[in-house]
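J.: Numbering (our numbering), first residue to last: 7 to 277.
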Amino acid sequence: MLSQLSVKNLAVVETLDLAFSPGMSTVTGETGAGKSILLQALNLALGGRGDSSLVRHGKDKAEVSAVFDVLNQQKIQAYLQEQSLEDEGECILRRIINADGRSKAFVNGASVPLSVLKGVGELLVDMHGQNEHQLLLRPDQQRNLLDAYAQSTEACALLNTIVAEYKATSNQIDELSTNQDLKQQQQALLQHQLQELENAELMQDELEHIESDFKTSANAASLIEKATAILGQLEQESGVNEQLNGLSYELSLAAETDEKLVPISALLSSA
């Protein structure tokens, strides 16, 4: 049952709040008094078509909300549960139309696709009007009426609950299966990497040798530069002590890059 309808900045309406009591409600008035706007507002809240032309002139958005009592409506409660939308005996539909034409939809405070809002609305309200699609012509509504006539509403609600639980369990199984596949892929990768390490037949000090060779290769240009400097020292026509000091200095610099030169540098320094 519709218990409340709120409208803000829709067409010529600035603000409107209506509360409805149980039973039949009738809205009357002269032509142009705004009855159609109320129906249009309700249609928007139920997921109907809307565009920027509905926004009140000078405003940036129009907003409509409708509150329904769904305490004893098992079908809508099952649908809300299926969509992970909590309800406490109420279903609050909210629609925002921006001045740029964009639209936002909410059910019980949660942002939802327009299709979900429309799905909820179709379960809540049957709107009849000129050139309007009538809910009685829909196969699913005919099935609902048949279930109600056969007094199988509770059985259908139980079946819906079982189906929802089945889907949730099925999703959990799929998720666990996916995780298992990922674990198997990771295990296969680790086994492949382990096999490559075993095939490499690495020695105990292999890593140190590899790091040393890499350091030497990475500093090849620097070593060539220092070797050129050492050759330059040998070609100089200077005294022996001066040449030894120069060679010792250049070798000590080269030994910082290549550890293999450390013994030679030490030997020359002790000469």
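Yeah, the Cβ is synthetic: ideal placement off N, Cα and C, and Gly gets one too. This structure is a prediction, so every number in the text was calculated from the model and none was measured.
(1) Per the DSSP calculation, V113 is bridged to which residue(s)?
(2) Quick check: does the Cβ of S176 come within less than 7 Å of any heavy atom belonging to the ligand FAD?
(3) Could you check where the beta strand (DSSP E) with T21 kicks off and where it finishes?
(4) Where F26 and N185 are concerned, what is the direct C-alpha to C-alpha distance, given to the nearest angstrom?
(5) Output the distance between the C-alpha atoms of Q191 and L77, rounded to the nearest integer angstrom.
(6) Please list, in chain order, all residues of the same chain as E262 whose beta carbon is under 8 Å from its beta carbon, the five residues on each side excluded.
(7) May I have a chain-ordered list of the beta strand (DSSP E) segments no shorter than 3 residues that lie completely inside the region 51-77?
(8) Based on Cα-Cα distance, which residue from Q80, T234, L129 and L11 lies nearest to S301?
(9) Distance check for A72 and R108, CA to CA, integer angstroms please.
(10) Can you tell me whether L165 is buried or exposed, with buried defined as 16 or more other CB within 10 angstroms of its CB?
(11) How is the beta strand (DSSP E) around S12 delimited, first residue to last?
(12) Inspect the beta-carbon positions of Y85 and G125 and report whether they are closer than 8 Å.
(13) Please report the distance separating the alpha-carbon of E181 from that of K189.
(14) By DSSP's criteria, N104 is part of a beta bridge. Which residues make up the other side?
(15) Can you find at least 3 beta carbon pairs, one from the region 92-104 and one from the region 30-45, that sit closer than 8 Å?
(16) For the alpha helix (DSSP H) that Q186 lies in, which residues bound it at each end?
(17) What residue range does the alpha helix (DSSP H) around P145 cover?
(18) Is Q80 helix, strand or coil by DSSP?
(19) Since L91 contacts V113 with CB under 8 Å, what's their CB separation in whole angstroms?
(20) Check S31 in the structure and name its three-state DSSP category.
(21) With the cut-off set at 8 Å, would you say Q87 and A170 are in Cβ contact?
T.: According to the data block:
(1) L99 and A116
(2) With respect to small molecules bound, the structure shown includes none, and the ligand FAD cannot be examined in it.
(3) V19 to A25
(4) 51 Å
(5) 49 Å
(6) none
(7) 67-75
(8) With the chain covering only 7 through 277, there is no way to say anything about residue 301.
(9) 20 Å
(10) exposed
(11) L8 to L16
(12) yes
(13) 12 Å
(14) K67
(15) no
(16) T159 to A206
(17) P145 to Y155
(18) helix
(19) 5 Å
(20) coil
(21) yes
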